[in-house]
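Below is one structure, written out as structure tokens, with a few remarks after it.
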Amino acid sequence: MSKTDPGHYFEDFRLGQTLHHATPRTVTPGDVALYNALYGPRFALTSSDEFARACGLELAPVDPLLAFHMVFGKTVPDISLNAIANLGYAEGLFLDAVYPGDTLTAVSEVIGLKENSNRKTGVVYVRTTGVNQRGRAVLRYVRWVMVRKRDEAAPIPEQATPTLAPAVAAGDLVLPRGIDFSRYDFALAGAPHAFEDYAVGEKIDHVDGMCVEEAEHQLATRLYQNTAKVHFNQYERAKDPTGRRLVYGGVVISTAKALSFNGLQNAGMILGINAGRHVNPYFAGATVFAWSEVLDKADLGPCGALRLRLVATKDRPCADFPDKDETGAYPGEVILDFDYWAAVPKRG
Amino acid sequence: MSKTDPGHYFEDFRLGQTLHHATPRTVTPGDVALYNALYGPRFALTSSDEFARACGLELAPVDPLLAFHMVFGKTVPDISLNAIANLGYAEGLFLDAVYPGDTLTAVSEVIGLKENSNRKTGVVYVRTTGVNQRGRAVLRYVRWVMVRKRDEAAPIPEQATPTLAPAVAAGDLVLPRGIDFSRYDFALAGAPHAFEDYAVGEKIDHVDGMCVEEAEHQLATRLYQNTAKVHFNQYERAKDPTGRRLVYGGVVISTAKALSFNGLQNAGMILGINAGRHVNPYFAGATVFAWSEVLDKADLGPCGALRLRLVATKDRPCADFPDKDETGAYPGEVILDFDYWAAVPKRG
Amino acid sequence: MSKTDPGHYFEDFRLGQTLHHATPRTVTPGDVALYNALYGPRFALTSSDEFARACGLELAPVDPLLAFHMVFGKTVPDISLNAIANLGYAEGLFLDAVYPGDTLTAVSEVIGLKENSNRKTGVVYVRTTGVNQRGRAVLRYVRWVMVRKRDEAAPIPEQATPTLAPAVAAGDLVLPRGIDFSRYDFALAGAPHAFEDYAVGEKIDHVDGMCVEEAEHQLATRLYQNTAKVHFNQYERAKDPTGRRLVYGGVVISTAKALSFNGLQNAGMILGINAGRHVNPYFAGATVFAWSEVLDKADLGPCGALRLRLVATKDRPCADFPDKDETGAYPGEVILDFDYWAAVPKRG
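Residue numbers (our numbering), protein chains in the order written: chain X, 1 to 348; chain R, 1001 to 1348; chain B, 2001 to 2348.
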């Protein structure tokens, strides 16, 4: 038997199958520093131990997206090594804060399998859970990917397409344990805008633009131990029509989220992922811009939550909020449509 | 009201105004590792906890320039988002060592305002103080920047140009608390040169050259949470005559300071900034060289201090000490003229 | 006397000479994070504190190669600043695990000197020892480099070529103190392959390819405080026929070692370096591939050890195991031939 891991092909998956992913990972202050250097986030709660303590936490938690990328990275060798495309995310919940020193592992359940009519590929749906060293789930999400078949003729015994919630219900959101925004320092956090100040339907252009270099997305993606070949193997990618390494979609999400500080200064803490699609590929060297739309609001008691749509573009400022058209088709410059819940403090 | 921060324009500043800058930042060993990876400094005191302990400190302090860049970064959204040029630094003092685990905030006072005769821009002078989690000032400096006016016709009620000291007086320098160079290990630090070995007027070519890549200056500048658009937004910069992202001047300072190890091996610890100017822009890809001149010496009792002029160039070795001419004009290859005080151990 | 360190020329070395290298270095979680971001290793033992504890260690040790590069880096200013080529490694032993928080220093003994017949250069052999803050040797290795003479006419008083072992004897290998693989979790580590599953002569194509960017190798090499000019000084390198900065060989070793996870998932822990040669230069932008051959096996009692040959190529996949020919000549695409021992758990 070859000791090299070929990854799973579509016919290797089974409905209900559980995959325990390899390489447990201790998150450290070094990872956080790299996350900061790679994206430049400025959300106070994840930037300062003192600010976090004033909000009831023991120290600054890591950005939920860093935890997400690390858990995601673990699933790649088992789920998407032979993937053609990462199709979407849904039902994402951040269940507990992750702190430097925590060790993450990941497990996935196959919840859907749908062969494509060409019989060359199929769509695999997995529900992945990230677990910390105390056995506690810290995040959970569904993603679906299009995966190649090894053998076109291979039969797929059981198929099913899961029914996924269009959005996480506000009642299912979980705040980081101990969090208390009653002493939240809006000025120190960079803006006075509280939960009450955002209106459903409001759109915000985040103005700033950020270029991502090849070295940067590679550093990020390796940090997450995400091994997908398309991000690193230029020799192979040179044969692709684009000729380029593809940037891991998570880099786009984190870049756009960091840009969103400008307008959503107090909405750093992602609580849930409702939906997400990488609607066009992003290659290094283009400048990422972003805008957001407030889709919904929910009063969680101790704080509010905003349901936000984060749209990112490449080489296209967002003053006019570039968007899909009435047929659902996106302009070529739009690269991300990401729908999430974030905690936002209420006015004191 | 827009929730996007447009930054301040010249007419928004008032003499005596105090600006409390956003995003407190806990400095971590991860930030230090990135600082090392970005510049390659080899000064023993900031490289080794053991060496630092032998010098009376609890552990290795972070490079004073890392603390400086972090404090500087916080001021950018309020001071220089709409700046055309960062004109200079003066009266910089490092008041206490910063250690991993410390959390920095920053506050600035507007100490000068001078509208330019074209009425389109003005010069803003601020005195910025970095403060740690114990409320203790760790560094303080003056910088002045040329800032755009939003509205040419806007009147500027009160103007004044501050009188700035040409250099920090040696008597004002503050050594890191507890520091004791009596057991300083010159061999381990890399060179035998003590305070006594340096002569006023002495020039040192630092010989080595260091190229900075786009990814590197972006990583550095984001690490400092410095959001100035010129460093990241290639889409916008493509419209500039240079067509290039501008490298944050602090990257040039830190690169040149790291190069200065070769000749100033025991002068790593900056105590004060007398003056500093980015005399020409630096773009990624050029190789940075540097030379130093000993401008002054001061015996601080437990150790000495050298007043040093650090001149950096791009694509121009410094064996012949490229410098401004008698009219004060700099050759195009000179990018930095930085005047600072550094602690240097005396011979045992 | 110039305060700039010119490095040693061949005639400056003496047989038996001891060189205490400068700049002690505390290894931190930040260094580990950068190591992960730069190479993407996925070996469980160095990735997870929990996994390491389950294997009897106090926390995850740093990758032995990170310790090696840091020790190596210290020797560069004294040994190889004027080197033309790094010719080889031998007799490398990792004597104790290095943990975040440890401080490393390095000392070298000159064990061989051989002037070349052209009298312009000579080969210097040094045995270097890395020592931690408790004075304990953590690693030791021999390397030899070709160094320029300052003065062709300078006589070389004493010359000798050391006799080096073709490989480290298995009996000399030292396991990290406390290590215990009896509860080793193969599934969590990513593969079921135990010591018993590897056969002498077995070859493994590691399949994946990894491109290294200029920014990446510079970040790595500066992190190790390795100052060799060829890696950073593009202005100078532009005069070389290649016109390119040369990538530090250690970057190639670590990149290839990280790639080797795919097939050697449980052989992350290097115990010894038998031999190593950078057989062709590597420049940024090419994609690194690698394959391994099992050269020998040794039962160390509590675990096994595999003697592995790691061959890396540039822009050349390794499905057909590109290798030297019968005359010992390497194809131009082969960049590394590295022979080492690694610990591998036995089946429970």
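Glycine is no exception: its CB is placed at the ideal position from the N, C-alpha and C atoms.
No experiment lies behind these values; they were computed from the predicted model shown.
If you look at Leu1104/R, you'll find it in the beta strand (DSSP E) that goes Thr1103 to Glu1115.
The beta carbon of Gln234/X sits closer than 7 Å to those of Arg245, all from its chain and outside the five residues before and after it, given in chain order.
Neighbours of Pro1029/R in chain X, taken as residues whose beta carbon is under 9 Å from its own, are Thr28, Pro29, Gly30 and Ala33 in chain order. Under the DSSP assignment, Asp1180/R falls outside any beta strand (DSSP E); it carries neither an H nor an E label.
In the structure shown, Val123/X falls within a strand segment according to DSSP collapsed to helix, strand and coil. In this structure, the alpha-carbon of Val212/X lies about 42 Å from that of Arg2127/B. Taking CB atoms only, Cys2303/B has no neighbour in chain X less than 8 Å away. Asp320/X is the residue among Thr75/X, Asp320/X and Lys314/X whose C-alpha sits nearest the C-alpha of Ile204/X. When the alpha-carbon of Phe2338/B is set against those of Pro2302/B, Gly2301/B, Val2279/B and Leu2104/B, the nearest one is in Val2279/B. Around the C-beta of Ile1084/R, fewer than 16 other C-beta atoms lie within 10 Å, and the residue is accordingly described as exposed. Taking the Cβ atoms as the reference, Val138/X lies roughly 6 Å from Leu95/X, within the contact range of under 8 Å. Beyond the five residues adjoining it in sequence on each side, Ala2199/B comes within less than 7 Å, by CB distance, of Val2294 in the same chain, given in chain order. Just measuring C-alpha positions, the residue of Asp1197/R, Phe1289/R and Cys1318/R sitting nearest Lys1297/R is Asp1197/R. For the set Thr313/X, Glu109/X and Ala97/X, the Cα lying nearest the Cα of Arg136/X is the one of Ala97/X. Here Leu1308/R is bridged, per DSSP, to Val1294/R and Tyr1340/R. Distance from Gly2040/B to Gln225/X at the Cβ level is roughly 6 Å; contact confirmed, criterion being Cβ atoms closer than 8 Å.
The beta carbon of Leu1300/R lies closer than 8 Å to those of Ala1170, Leu1173, Leu1175 and Ala1343 in the same chain, with the five residues before and after it left out. Per DSSP, reduced to three states, the secondary structure at Asp240/X is coil, with no helix or strand assignment.
A Cβ-Cβ separation of about 4 Å places Ala154/X in contact with Glu11/X under the 8 Å criterion. Taking a contact as a CB-CB distance under 8 Å, the pair Leu2306/B and Ala2258/B does not count as one, their CB atoms being some 17 Å apart. Residue environment analysis places Gly2122/B among the buried positions, since at least 16 neighbouring C-beta atoms fall within 10 angstroms of its C-beta. Boundaries of the beta strand (DSSP E) around Asn86/X: Ala83 to Phe94. Spatial neighbours of Ala2312/B in its own chain (CB-CB distance under 6 Å, excluding positions within 5 residues in sequence) are listed in chain order as Val2252, Ala2256, Val2288, Ala2290, Ile2335 and Leu2336.
Under the DSSP assignment, Val2098/B falls outside any alpha helix (DSSP H); it carries neither an H nor an E label. Here Tyr1035/R carries a helix assignment [DSSP, helix/strand/coil]. Taking a Cβ-Cβ cut-off of 8 Å, Ile2084/B has no neighbours in chain X, whose nearest Cβ is about 28 Å from it. Per the Cβ contact rule, the stretch 23 to 38 of chain X is not in contact with the stretch 181 to 190 of chain X (fewer than 3 Cβ pairs under 8 Å). Taking the C-beta atoms as reference points, Val1110/R is found nearer than 8 Å to Val1124/R. Remark: C-beta atoms of Phe2043/B and Phe2261/B approach each other more closely than 8 Å. In the three-state scheme derived from DSSP, where H, G and I count as helix and E and B as strand, His2008/B is classed as coil. Asp205/X: member of the beta strand (DSSP E) spanning Lys203 to Asp205, first to last residue.
Uninterrupted alpha helix (DSSP H) stretches at least 4 residues long and entirely within the stretch 237 to 287 of chain X occur at 249 to 259, given in chain order.
Under a criterion of Cβ atoms nearer than 8 Å, the residues of chain B adjacent to Arg1042/R are, in order, Ala2022, Thr2023, Gln2225 and Thr2227. By the Cβ-count criterion, His1008/R is buried, with 16 or more other Cβ atoms from all chains shown falling within 10 Å of its own Cβ.
In the three-state reduction of the DSSP assignment, Asp299/X falls in the strand class. Shown in chain order are the members of the stretch 2210 to 2221 of chain B whose Cβ falls below 9 Å from a Cβ of chain R: Glu2213, Glu2214, Ala2215, Glu2216, Gln2218, Leu2219, Ala2220 and Thr2221.
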